[in-house]
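S.K.: Take 146 as the starting number for the sequence shown in the numbering used here and just add one per residue.
Note that beta-carbon positions come from the ideal geometry of N, C-alpha and C, so glycine has one too.
Predicted, not measured: the structure shown is a model, and the values here were computed from it.
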Amino acid sequence: MTPSKNTQQLTREELKHVLSVARGDGEIDILIKNVKIMDLVNGEINESAIAIAGKSIAGTGLEYLDQKAKRTIDAKGAVAVPGFIDGHLHVESSMMHPFEFERLTLPLGTTTAICDPHEITNVMGDKGFSWFLRCSELMKQNLFVQVSSCVPALPGFETNGGPFPIEKMKKYKDHPNVLGLAEMMNFPGVINAFDEVLDKIEEFQDMNLDGHCPLVQGKQLNAYIAAGIQNCHETITQEEGKEKLSKGMALIIREGSVAKNLKTLAPLVNDFNSIQCLLCTDDRNPYEIFNEGHINYLVKKMIKELNIAPHIAYRLSSYSAAKHFNLKRLGLIAPGKQADIVLLSDYQEVEIQQVLMKGVPVAELNLPEKVQEKLKESNPPIENTMKREALMDGDISFSFEKGIYNVIEIVKDEIITNHLKIEFDGEKFLEDDIRKIVVIERYGHGVKPALGLVKGSGLKNGAIASSVAHDSHNIIVIGEDEKEMTVAVNKLLAMGGGFCVVDEGKVVASLELPIAGLISLENAEVITEGIVALKAACSDIGVHLNEPFIQMAFLALPVIPSLKITDKGLVDVTKFEFIDLKD
Numbered sequence: 146m147t148p149s150k151n152t153q154q155l156t157r158e159e160l161k162h163v164l165s166v167a168r169g170d171g172e173i174d175i176l177i178k179n180v181k182i183m184d185l186v187n188g189e190i191n192e193s194a195i196a197i198a199g200k201s202i203a204g205t206g207l208e209y210l211d212q213k214a215k216r217t218i219d220a221k222g223a224v225a226v227p228g229f230i231d232g233h234l235h236v237e238s239s240m241m242h243p244f245e246f247e248r249l250t251l252p253l254g255t256t257t258a259i260c261d262p263h264e265i266t267n268v269m270g271d272k273g274f275s276w277f278l279r280c281s282e283l284m285k286q287n288l289f290v291q292v293s294s295c296v297p298a299l300p301g302f303e304t305n306g307g308p309f310p311i312e313k314m315k316k317y318k319d320h321p322n323v324l325g326l327a328e329m330m331n332f333p334g335v336i337n338a339f340d341e342v343l344d345k346i347e348e349f350q351d352m353n354l355d356g357h358c359p360l361v362q363g364k365q366l367n368a369y370i371a372a373g374i375q376n377c378h379e380t381i382t383q384e385e386g387k388e389k390l391s392k393g394m395a396l397i398i399r400e401g402s403v404a405k406n407l408k409t410l411a412p413l414v415n416d417f418n419s420i421q422c423l424l425c426t427d428d429r430n431p432y433e434i435f436n437e438g439h440i441n442y443l444v445k446k447m448i449k450e451l452n453i454a455p456h457i458a459y460r461l462s463s464y465s466a467a468k469h470f471n472l473k474r475l476g477l478i479a480p481g482k483q484a485d486i487v488l489l490s491d492y493q494e495v496e497i498q499q500v501l502m503k504g505v506p507v508a509e510l511n512l513p514e515k516v517q518e519k520l521k522e523s524n525p526p527i528e529n530t531m532k533r534e535a536l537m538d539g540d541i542s543f544s545f546e547k548g549i550y551n552v553i554e555i556v557k558d559e560i561i562t563n564h565l566k567i568e569f570d571g572e573k574f575l576e577d578d579i580r581k582i583v584v585i586e587r588y589g590h591g592v593k594p595a596l597g598l599v600k601g602s603g604l605k606n607g608a609i610a611s612s613v614a615h616d617s618h619n620i621i622v623i624g625e626d627e628k629e630m631t632v633a634v635n636k637l638l639a640m641g642g643g644f645c646v647v648d649e650g651k652v653v654a655s656l657e658l659p660i661a662g663l664i665s666l667e668n669a670e671v672i673t674e675g676i677v678a679l680k681a682a683c684s685d686i687g688v689h690l691n692e693p694f695i696q697m698a699f700l701a702l703p704v705i706p707s708l709k710i711t712d713k714g715l716v717d718v719t720k721f722e723f724i725d726l727k728d
């Protein structure tokens, strides 16, 4: 088992206070009465009381009702469950900085998040990664920061902004908020024993090793797991998920804004294997968090739509994740656990009455008032990362001749793509909805724009562009008219990164992301308004994707099958080699 980090360590005085309350001779700080506890070990719901001492649960049981308490909370029959744990996410993908993410998700019961800040690390290197750790130190929410392992995701296939070599990585091993190595996306490097990959695995082998191996099965999966990789959040099919579970890998079931795997994978979960399954959002924007929720939404969907037993759904949301990451003071409503508690007025509907974080009601933490103060204290790395000069007419230039072309096909609500071969007859392509896609290196290295074709966007006219393009975050643009694509790219360069939509040669919607071209300085409400405006503008030009910018961003990620495009060209992810646009 991975050694436990002292992430919730108590001082001697704190421990003595907890023990005095637990014994019955100390005064309880907060007593929660008229409460039922969901027992995630035995699968039961029992009448109880919860005695809190400082930030810890000192004891549970009706015997505490007669003990002196400084304060009493009447739960009015609510069911108490442990705070929710997001087992894998990139906070940057929410477009919120960590303090705004905390403000939005902590009241929804997400008391712990295990993040990989490889988005900002790809753009800014050590400067971006260290900022996330500073943020984690200032947050009330438990934010654990895994050490980004693949910067860039696939060396040699893309240009990123900041180096993050092993010499930088290993200096963070002993930080109390670091649990291990973040998702090892370079699965070919693991399987084929590339020395630069094994160096990282060897350095972090006594810690958590997070995985990323979509559609990897059989002997290749055996090799990947044999290297010590412990989990995967990229599972797409039931067959794939069952094999991973049977071979000892933890199944992190994802339900993000684009990649939605809960409906497919939740039926695999049962009483026996649920301890090996946990939940994550990976990439979820504030629009969906506002309208649906965070981990609380995943739990509700499991119970109400997928007919998963409540004790199993709640186990996946907390206890399983705590066990997997060896967070020994999290994951249960039990003595000695941190008092991260969600009180539910209706556990079937996941209706939250209130949330306690380290023994304090979240409503009393004054999170909204402290966002800007903590952001300033964290010293965010605000600088221009869009270092390319404005494009001139002709810098984006396609020419087609008769023949067969390699085309990326978007798979709706998935981040995988299909690799199509489509004929151009000299005048037109023989299939509909074929549009131009270009990736433009933004870090000032003068790389020539990479040209490709994409099917499935629905775009009829205009262009959409983004500086969020996983994971190296060069500029990606889809359009029909090259001049409109150029207008869109130049808008991003001028505003320091973000999203924009162009129609009839003019920018009709945009959202600035001044931190690394990934993160907004605005609150979640303003970001959501921007997303709504961008979606409406996309719809006006024919784009029919539910999350057009997130879906487009993954078209540049060369570690997710099947055909992707980076700033260096088209990548056949099944073979990990570049291919030409025209066969």
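Going along the chain, which unbroken runs of the beta strand (DSSP E) with 3 or more residues stay wholly within the region 603–641?
M.R.: Fully enclosed beta strand (DSSP E) runs of 3 or longer: 608–611 and 620–624.
S.K.: Pair every Cβ in the region 542–552 with every Cβ in the region 564–575, then say whether three or more of these pairs are closer than 8 Å.
M.R.: Counting Cβ pairs under 8 Å, three or more are found: they touch.
S.K.: Between which residues of its own chain and Ala595 is the CB-CB distance below 7 Å, once the five residues before and five after are set aside?
M.R.: Indexing the sequence shown from 1 puts residue 595 at position 450. Contacts found: Val583, Val584, Ile710, Thr711, Asp712, Lys713 and Gly714.
S.K.: Grouping DSSP H, G and I as helix and E and B as strand, with all else coil, what is Lys720?
M.R.: Residue 720 sits at position 575 when you count from the first residue of the sequence shown. Note: Lys720 maps to coil in three-state DSSP.
S.K.: Taking the alpha carbon of Leu366 as the reference point, which residue from Phe349, Val335, Ser165 and Ala479 has its own alpha carbon closest?
M.R.: Residue mapping note: residue 366 aligns to position 221 of the sequence shown, counting from 1. Closest option to Leu366, Cα to Cα, is Val335.
S.K.: So what does DSSP say about Cys280, is it helix, strand or coil?
M.R.: The residue labelled residue 280 in the question sits at position 135 within the sequence shown. Correct three-state label for Cys280: helix.
S.K.: Mind pulling the beta strand (DSSP E) runs of 3 or more residues that sit fully within the region 500–559?
M.R.: Runs of the beta strand (DSSP E) inside the region 500–559: 548–555.
S.K.: Quick check on DSSP: helix, strand or coil for Ala484?
M.R.: For the purposes of this step, residue 484 is taken as residue 339 along the sequence shown, with counting starting at 1. In the structure shown, Ala484 sits in coil (DSSP, three-state: anything other than H, G, I, E or B).
S.K.: Apply the 10 Å Cβ neighbour rule to Ser239 and answer buried if 16 or more other Cβ atoms are within range, or exposed otherwise.
M.R.: The residue labelled residue 239 in the question sits at position 94 within the sequence shown. Under this definition Ser239 is a buried residue.
S.K.: I think Leu410 touches Gly386, with their Cβ atoms under 8 Å apart; what is that distance to the nearest whole Å?
M.R.: Your numbering for residue 410 matches position 265 in the sequence shown. Your numbering for residue 386 matches position 241 in the sequence shown. Yes, they are in contact, since the Cβ atoms of Leu410 and Gly386 sit about 5 Å apart, within 8 Å.
S.K.: Below 8 Å, can you find three or more Cβ-Cβ pairs linking the region 557–564 to the region 501–509?
M.R.: Verdict: no, contact absent.
S.K.: Kindly list the residues whose CB is nearer than 7 Å to the CB of Ile724, restricted to its own chain and excluding five residues on each side of it in sequence; keep chain order.
M.R.: Taking the sequence shown and counting its residues from 1, one reaches residue 724 at position 579. Contacts found: Asn551, Leu715 and Asp717.
S.K.: When you compare the region 691–698 with the region 295–304, are there three or more beta-carbon pairs, one atom per stretch, that lie closer than 8 Å?
M.R.: Judged by Cβ distances under 8 Å, the region 691–698 makes no contact with the region 295–304, as fewer than three pairs qualify.
S.K.: Using a Cβ distance threshold of 8 Å, determine whether the region 422–438 contacts the region 395–409, with at least three qualifying pairs required.
M.R.: The region 422–438, when compared against the region 395–409, does touch it at the 8 Å Cβ threshold.
S.K.: Nearest CA to the CA of Lys408: which residue from Ser523, Asn452, Lys605 and Asn418?
M.R.: Translated into the one-based positions of the sequence shown, residue 408 becomes position 263. For the residues Ser523, Asn452, Lys605 and Asn418, the minimum Cα distance to Lys408 belongs to Asn452.
S.K.: Out of Gly204, Glu264, Thr217 and Asp344, which one is the CA nearest neighbour of Thr530?
M.R.: Against the sequence shown, residue 530 aligns to sequence position 385. When each option's Cα is compared against that of Thr530, the closest is Glu264.
S.K.: Which of the three DSSP states is assigned to Thr673 in this structure?
M.R.: As a working note, residue 673 is residue 528 in the sequence shown. In this structure, Thr673 counts as helix in the three-state DSSP scheme.
S.K.: Between which two residues does the alpha helix (DSSP H) carrying Arg168 extend?
M.R.: Here residue 168 refers to the residue found at position 23 when the sequence shown is read from its first residue. From DSSP, the alpha helix (DSSP H) with Arg168 extends over Arg157 to Arg168.
S.K.: Let me make sure I understand the geometry here. Which of Phe699, Val226 and Lys200 has the alpha-carbon closest to that of His456?
M.R.: For the purposes of this step, residue 456 is identified with residue 311 of the sequence shown, where counting begins at 1. Taking only the C-alpha atoms, the option nearest His456 is Val226.
S.K.: Any idea if Leu207 is buried or exposed, counting beta-carbon neighbours within 10 angstroms, 16 or more meaning buried?
M.R.: The residue labelled residue 207 in the question sits at position 62 within the sequence shown. It counts as exposed.
S.K.: Terminal residues of the continuous alpha helix (DSSP H) containing Gly270?
M.R.: On the sequence shown, position 125 is the one that residue 270 refers to. Element bounds for Gly270: n/a, residue is neither H nor E.
S.K.: Are there 16 or more other CB atoms within 10 angstroms of the CB of Pro729, so buried, or fewer, so exposed?
M.R.: For residue 729 there is no data in the structure shown, the boundaries of the chain being 146 and 728.
S.K.: Taking all protein chains shown into account, decide if Asn337 is buried (16 or more other Cβ within 10 angstroms of its Cβ) or exposed.
M.R.: For the purposes of this step, residue 337 is identified with residue 192 of the sequence shown, where counting begins at 1. That one is exposed.
S.K.: When you compare the CB positions of Thr257 and Phe229, do they come within less than 9 Å of one another, or not?
M.R.: Within the sequence shown, the letter at position 112 stands for residue 257. Within the sequence shown, the letter at position 84 stands for residue 229. Contact flag set, yes.
S.K.: For the region 489–496 against the region 272–283, do three or more pairs of beta-carbon atoms, one drawn from each stretch, fall closer than 8 Å, so that the two count as touching?
M.R.: No, the region 489–496 does not touch the region 272–283.
S.K.: How would you write the range of the beta strand (DSSP E) that Leu234 sits in, first residue to last?
M.R.: As a first step, residue 234 must be located in the sequence shown, where it is residue number 89. Element bounds for Leu234: Phe229 to Leu234.
S.K.: So, for Glu237: in the same chain, excluding its five sequence neighbours on each side, which residues have a beta-carbon less than 6 Å away from its beta-carbon?
M.R.: By one-based count along the sequence shown, residue 237 stands at place 92. Glu264, Ile265, Leu663 and Ile664, listed in sequence order.
S.K.: Please state if the CB of Leu638 and the CB of Leu656 are separated by a distance shorter than 9 Å.
M.R.: Reading the sequence shown from its first residue, position 511 is the one you call residue 656. Reading the sequence shown from its first residue, position 493 is the one you call residue 638. No. Outside cutoff.
S.K.: When burial is assigned at 16 or more other CB atoms within 10 Å of the CB, is Leu249 buried or exposed?
M.R.: Along the sequence shown, one-based indexing puts residue 249 at 104. Under this definition Leu249 is a buried residue.
S.K.: Return the CA-CA distance between Asn376 and Glu627, expressed in angstroms with no decimal places.
M.R.: Your numbering for residue 376 matches position 231 in the sequence shown. Your numbering for residue 627 matches position 482 in the sequence shown. Straight-line Cα distance between these residues: approximately 43 Å.
S.K.: Which same chain residues, not among the five before or five after Ile381, have their C-beta less than 8 Å away from its C-beta?
M.R.: Working through the sequence shown from its first residue, we reach residue 381 at position 236. Around Ile381: Pro359, Leu360, Asn406, Thr409, Glu559 and Ile561.
S.K.: Could you give the DSSP three-state label for Phe339: helix, strand or coil?
M.R.: As a first step, residue 339 must be located in the sequence shown, where it is residue number 194. Looking at Phe339 - three-state DSSP - the assignment turns out to be coil, as it is neither helix nor strand.
S.K.: Label Gln154 either buried or exposed according to how many other C-beta atoms from any shown protein chain fall within 10 Å of its C-beta, with 16 as the threshold for buried.
M.R.: The residue labelled residue 154 in the question sits at position 9 within the sequence shown. With fewer than 16 other Cβ atoms within 10 Å, it is exposed.
S.K.: Whole angstroms are fine: how far does the CA of Leu708 sit from the CA of Ile660?
M.R.: Counting from one through the sequence shown, the residue named residue 660 turns up at place 515. Counting from one through the sequence shown, the residue named residue 708 turns up at place 563. Rounded to the nearest angstrom, the two C-alpha atoms are 29 Å apart.
S.K.: Can you name the residues that DSSP bridges to Phe569?
M.R.: On the sequence shown, position 424 is the one that residue 569 refers to. Its beta-bridge partners are Gly548 and Phe574.
S.K.: Which same chain residues end up closer than 8 Å to Lys178 when comparing Cβ atoms and leaving out the 5 residues on each side of it in sequence?
M.R.: What you label residue 178 is simply residue 33 of the sequence shown in a count that begins at 1. Once the five neighbours on either side are set aside, the close Cβ partners of Lys178 are Ala194, Leu210, Thr217, Ile218, Asp219 and Ala220.
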